[in-house]
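The listed protein sequences derive, respectively, from chains D and B. The first sequence begins at 76 in this note's numbering and counts up one residue at a time. The second sequence begins at 16 in this note's numbering and counts up one residue at a time. We put the beta carbon where it would ideally sit given N, CA and C, even for glycine. Fair warning: this is a prediction, and the values are worked out from it, not measured in the lab.
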Amino acid sequence: MRYKLVSAFLLIIVVLSLFNCAYATPPYQNYTYNDRGTGVEPQAYIYEGLINGKTLGISNLSSPQDVYVSNDGLIYIADSGNNRIIVIDINFKVIKIISEFDNNGKIDKFNNPKGVFVALDNTLYIADTDNCRIIILDKDGKLLSVFGKPETFLISSELQYKPLKVTANFQKRINVVVAGMTAGLIELEKDGSFMGFYGAIPVVNDKSDIWRFFQTKEQRERAALAIPTVYNNLDIDNEGFIYGTINLEGGAHYPVARLNPSGMDILRRYGRILPCGDPFLWDNETFENKSSNIVDVCAKEFGMYSLLDATHGRIFTYDYDGNLLYIFGGYGEQAGTFGLPTAIDSIKGDRFLVVDGKLNQIVVFAPTQYGKLITEATQMQFQRKYVKAGEKWSEVINYTSKFAVAYVGAGKALLRQKDYSQAMTYFETGKVVNYYSIAFSYFRQELMSKYFGQTITIVIIFIILLIIICKILKMRAKRRNIFADKK
Amino acid sequence: MQIKNSLKYSLYVIFHPFNGFWELKREKKGSPWSVFIILTTLIILLCLKQQFTGFILNPNVGNSPFSLILQIEIVLIPFLLWCVSNWSITTLVDGEGTFKDIAITTAYSLIPIILFTIPLIIMSRFITFEESQMYDLLFAISLIWSAFLLLTGIMTIHQFSLTKTLITILIAIVGMLVISFIILLFFALISQVYNWAYLIYREISLRNI
């Protein structure tokens with residue numbers, strides 16, 4: 076008997092160990108903000124690999140500050156500390172290293188280049204920060220032009236001109252993020268002449284407005300000046316709109332802006348929370364608000380964009396309407412975490428590259444099935460293929476039960492397919508009153524036309540019954556009164 | 016039977032407030048039991064309202080677990096605070112109403128809210144977002160009606176002029192705040208004393224003498 080027990084026990088252990096497959100949980104959580112605060116969701120992106128000096132077979136990177144994936148799939152890394160630009164292909168093999176160029180006959184070098192951008196025709200734009208200039212190379216590495224500090228009285232001569240990031244649009248106009256420039260981005264003409272400032276952030280002063288009324292003149296003078304905040308990064312999407320990220324410390328309203336050609340912020344903000352990363356996170360140990368500090372933005376196709384947060388090392392992805400889709404990343408030592416994330420870009424809207432400026436590496440993230448489904452659904456929704464998007468969203472719902480965006484997407488598809496009552500349930504789960512109301516009004520209309528005859532008949536019968544009952548009661552009361560009088 | 020009559024009488028009061036409240040006081044047509052029944056009905060109706068109002072007007076339903084205690088507190092605490100505060104003020108300025116009168120008047124003036132709640136719940140399940148203004152309008156009417164009844168009721172039972180009533184009501188609202196502040200202070204102090212006693216107890220019990 077004992078042998079039987081022992082052998083059965085051993086057998087169970089052996090069988091169980093067969094099922095004990097190796098699996099890895101990422102060292103971070105995916106969550107979204109919903110009507111109950113936050114809800115944990117399945118992982119949308121997981122760690123895929125690392126790119127560093129070792130894997131590339133070159134000397135170690137040193138404080139890389141930017142990455143840009145060109146239209147034909149080449150990855151440009153601004154290896155700022157080593158004053159070079161590394162070009163690798165999609166399989167992460169080195170194509171070339173640009174560390175010097177021919178400047179009118181003499182060899183010229185970069186000095187701490189912090190920004191890199193590649194136009195559609197593979198022209199390379201480099202923000203050569205400590206040399207105070209912008210360098211434009213053609214696809215073979217030949218120098219096209221060098222733009223120093225723009226000559227205009229609008230930029231104070233005392234300002235150290237430190238271009239941090241650069242982009243160029245279809246007309247080859249250049250937009251530059253300059254350190255400490257409070258007037259917005261600088262826009263340069265094709266030939267490098269100064270065009271103007273672009274997308275200046277309005278001064279927000281609402282905190283002190285009431286108090287200023289009570290302050291004395293001296294107090295008012297002593298108070299901190301309301302200086303507009305500065306841009307810290309930018310990206311351009313395939314429609315030519317510029318996404319700029321803003322440091323919130325100066326009191327700007329939004330950490331990210333989508334600028335139209337006249338410099339107006341046209342970002343859609345219809346999500347449950349603003350597209351700003353973690354809006355408010357209370358740290359119980361330091362008693363501080365540890366909300367996000369957005370340092371980079373990656374504009375993807377179909378209106379999706381991702382924000383990189385340096386407070387917690389998280390990447391937040393939003394759709395065109397500003398709905399938060401998923402979150403991944405974090406600080407730490409494990410694979411898939413960062414020492415200090417500095418820049419982000421995506422390879423064809425699919426895999427993410429996150430530059431780690433402290434550990435001198437680039438972390439590659441690949442989408443899970445869940446992440447892919449969300450991307451597909453969002454893209455179809457953007458293309459107004461609501462029914463197909465709805466199918467994808469209902470697949471997403473199979474993975475998670477709390478993701479409001481998925482319910483709303485699936486509900487919209489059902490609304491198109493005239494399944495109003497089911498659409499109502501979905502909108503109710505997704506907590507969107509306006510769409511629920513639309514579905515409900517159709518539902519009501521349908522019911523009314525279906526049961527109009529019966530309803531009216533019942534109402535008329537009811538009214539007639541009421542009248543009869545009233546009359547009977549009155550007659551009774553009269554009779555009683557008559558009897559009472561007789562008595 | 017008397018309770019039934021006094022509840023029936025509430026329907027007369029809400030349409031004839033001056034006469035109604037006068038007779039409530041002078042001819043003792045209201046009873047403390049009717050106050051109890053009215054408040055209980057109000058609590059039950061508020062619960063129903065929270066649970067069964069349509070999604071369009073109540074999108075946050077089910078976000079937090081339903082709490083009966085909370086619903087009771089929402090009705091009872093303001094009611095008691097108001098009665099105590101109003102009584103304290105009006106006795107000082109020669110109001111004729113007793114505490115019982117004030118409680119009965121306040122409860123009877125809540126009748127319009129009670130009457131409107133069920134139709135509002137039913138209505139909320141048949142209207143769209145665009146039509147929700149109708150709902151808001153009806154709800155506002157019930158509130159204004161109740162407020163008007165409360166005003167006339169207080170005026171009648173204390174034999175005040177309109178300005179005097181308004182001023183006493185304002186002072187009574189300030190009084191409610193003061194009372195709740197004192198109660199909070201009292202509880203904070205009590206908990207401090209309790210903590211202090213508990214610490215001494217622990218100190219003694221943990222020390223190996």
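Once you ignore the five residues that flank residue i on each side, which residues in its own chain have a CB closer than 6 Å to its CB?
{"i": "Leu356/D", "result": "Lys365, Ser366"}
{"i": "Tyr200/D", "result": "Phe192, Ile211, Val241, Ala243"}
{"i": "Ala485/D", "result": "Gly465, Trp468, Ser469, Tyr501"}
{"i": "Thr475/D", "result": "Glu116, Pro117"}
{"i": "Ile173/D", "result": "Ile160, Gly216"}
{"i": "Leu123/B", "result": "The amino acid at residue 123/B is misidentified as Leu; the sequence shows Tyr. Ser25, Val28, listed in sequence order."}
{"i": "Gly315/D", "result": "Asn244, Phe245"}
{"i": "Pro442/D", "result": "Tyr120"}
{"i": "Val568/D", "result": "Absent from the structure is residue 568/D, since the part of chain D shown begins at 76 and ends at 562."}
With a Cβ-Cβ cutoff of 8 Å, do residue i and residue j count as a contact?
{"i": "Asn250/D", "j": "Tyr236/D", "result": "no"}
{"i": "Ile29/B", "j": "Pro127/B", "result": "yes"}
{"i": "Thr12/B", "j": "Phe36/B", "result": "The structure shown does not extend to residue 12/B, since chain B spans only 16 to 224, so no value can be given for it."}
{"i": "Ser79/B", "j": "Ser49/B", "result": "no"}
{"i": "Asn308/D", "j": "Asp353/D", "result": "no"}
{"i": "Phe269/D", "j": "Thr227/D", "result": "yes"}
{"i": "Ser512/D", "j": "Phe144/B", "result": "yes"}
{"i": "Gln436/D", "j": "Asn127/D", "result": "yes"}
{"i": "Phe202/B", "j": "Gly110/B", "result": "no"}
{"i": "Ala418/D", "j": "Val169/D", "result": "no"}
{"i": "Ala374/D", "j": "Asp312/D", "result": "yes"}
{"i": "Asp116/B", "j": "Lys40/B", "result": "yes"}
{"i": "Thr320/D", "j": "Pro336/D", "result": "no"}
{"i": "Gly378/D", "j": "Asp358/D", "result": "no"}
{"i": "Thr167/B", "j": "Phe33/B", "result": "yes"}
{"i": "Leu260/D", "j": "Tyr306/D", "result": "yes"}
{"i": "Phe440/D", "j": "Val429/D", "result": "yes"}
{"i": "Ile276/D", "j": "Thr304/D", "result": "yes"}
Where do the N-terminal and C-terminal ends of the beta strand (DSSP E) with residue i fall, by residue?
{"i": "Phe440/D", "result": "436-442"}
{"i": "Leu334/D", "result": "331-334"}
{"i": "Cys351/D", "result": "First-last for Cys351/D: undefined, no H or E at that position."}
{"i": "Glu175/D", "result": "175-178"}
{"i": "Val471/D", "result": "Val471/D -> not in any beta strand (DSSP E); alpha helix (DSSP H) instead, spanning 461-474."}
{"i": "Gly486/D", "result": "It is not in any beta strand (DSSP E) - Gly486/D instead sits in the alpha helix (DSSP H) that spans 479-491."}
{"i": "Arg208/D", "result": "208-212"}
Strictly below 8 Å CB to CB, what residues from chain D border residue i?
{"i": "Asn78/B", "result": "Asp110, Arg111"}
Applying a beta-carbon distance threshold of less than 7 Å, which residues of chain B neighbour residue i?
{"i": "Lys506/D", "result": "Pro74"}
{"i": "Ser564/D", "result": "Look at the range of chain D in this structure, 76 to 562, and you will see that residue 564/D is not part of it."}
Given that a residue counts as buried once 16 or more other Cβ atoms are within 10 Å of its Cβ, and exposed if not, what is residue i?
{"i": "Lys189/D", "result": "buried"}
{"i": "Val81/D", "result": "exposed"}
{"i": "Val108/B", "result": "exposed"}
{"i": "Pro134/B", "result": "exposed"}
{"i": "Trp102/B", "result": "buried"}
{"i": "Met339/D", "result": "exposed"}
{"i": "Asp196/D", "result": "exposed"}
{"i": "Tyr78/D", "result": "exposed"}
{"i": "Cys545/D", "result": "exposed"}
{"i": "Met550/D", "result": "exposed"}
{"i": "Gly255/D", "result": "exposed"}
{"i": "Trp97/B", "result": "buried"}
I need the boundaries of the alpha helix (DSSP H) containing residue i, first residue and last residue.
{"i": "Pro93/B", "result": "83-107"}
{"i": "Asp151/B", "result": "147-173"}
{"i": "Val188/D", "result": "According to the sequence as given, residue 188/D is Pro; it is not Val. Segment 188-193 is the beta strand (DSSP E) holding Pro188/D; no alpha helix (DSSP H) there."}
{"i": "Met191/B", "result": "177-221"}
{"i": "Ile18/B", "result": "17-30"}
{"i": "Tyr501/D", "result": "495-505"}
{"i": "Cys62/B", "result": "47-67"}
{"i": "Ile137/B", "result": "126-139"}
Residue i versus chain B: which residues are under 8 Å apart at the beta carbon?
{"i": "Asn398/D", "result": "Neighbours of Asn398/D on chain B: none; closest Cβ ~17 Å, over 8 Å."}
{"i": "Glu503/D", "result": "Phe70"}
{"i": "Ser524/D", "result": "Simply none; closest approach about 15 Å."}
Can you pull the chain D residues whose beta carbon is under 7 Å from the beta carbon of residue i, in chain order?
{"i": "Phe81/B", "result": "Those within 7 Å of Phe81/B in chain D number zero; the least Cβ separation is about 15 Å."}
{"i": "Phe144/B", "result": "Val508, Asn509, Ser512"}
Check the Cβ of residue i against every Cβ in chain B and list those closer than 9 Å, keeping chain order.
{"i": "Phe228/D", "result": "Simply none; closest approach about 54 Å."}
{"i": "Ser421/D", "result": "The contacting residues do not exist; Ser421/D stays about 35 Å from chain B at best."}
Skipping 5 residues on each side, what residues in its chain have a beta carbon closer than 7 Å to that of residue i?
{"i": "Gly388/D", "result": "Gly404, Gly405, Tyr406, Thr412, Phe413, Pro416"}
{"i": "Tyr108/D", "result": "Arg347, Ile348, Leu399"}
{"i": "Phe94/B", "result": "Leu54, Thr121"}
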